[in-house]
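Q: Numbers 922 to 1021, taken from our numbering, label the letters of the sequence shown in order. C-beta: ideal position from N, C-alpha, C; glycine also.
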Amino acid sequence: MAISFLEQRTLLKTGDFRELVIQAILTAAIAIRNEPESTENHASRVALASAVIMNPASMEPKFSELLATQMTSMEPSDANISNAVSAVWDAIALTMYPAA
């Protein structure tokens, strides 16, 4: 079960969570850049990966807000955060780069 809205907002005030999000989105971006072109939504996914690689700090706030909605603990593991990145990546990619 997801943490409460209040807990989500509290988690977003935690610098450690935000730093972990940066590392998780960078890790995902590298993997996505290496996906085959046949991957669904590939162009949008790669466009987002490029944006993350070029300026992860500018991408962190939106990822952090969305990832907080996916957390089940106030002390998420690396795996929890990585899984949440995977869960929201296409939503962000297709919103930012719908025609890519």
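1) Should alanine 1014 and arginine 966 be called a contact, given that it needs their Cβ atoms to be closer than 7 Å?
2) From aspartate 1011 to methionine 922, what distance separates their C-alpha atoms?
3) Proline 997: which of Glu981, Phe938, Leu927 sits nearest, CA to CA?
4) For alanine 945, which residues from the same chain have a beta carbon less than 6 Å from its beta carbon, with the 5 sequence-adjacent residues on both sides left out?
5) Give the single residue among Glu961, Ala968, Thr935, Ser959 whose Cα lies nearest to the Cα of isoleucine 951.
A: With the given structure in hand:
1) To locate residue 1014, count along the sequence shown from 1; it is residue 93. To locate residue 966, count along the sequence shown from 1; it is residue 45. Taking 7 Å as the cut-off, the Cβ atoms of alanine 1014 and arginine 966 count as close.
2) As a working mapping, residue 1011 is identified with position 90 in the sequence shown. As a working mapping, residue 922 is identified with position 1 in the sequence shown. Cα to Cα, aspartate 1011 sits roughly 22 Å from methionine 922.
3) For the purposes of this step, residue 997 is taken as the residue at position 76 of the sequence shown. Relative to proline 997, the option among Glu981, Phe938, Leu927 whose CA is nearest is Phe938.
4) Residue 945 sits at position 24 when you count from the first residue of the sequence shown. Excluding residues up to 5 positions away in sequence, Ile1002, Ser1003, Val1006 lie with their Cβ nearer than 6 Å to the Cβ of alanine 945 in the same chain.
5) Taking the first residue of the sequence shown as position 1, residue 951 is located at position 30. Proximity to isoleucine 951 across Glu961, Ala968, Thr935, Ser959 peaks at Ala968, based on C-alpha coordinates.
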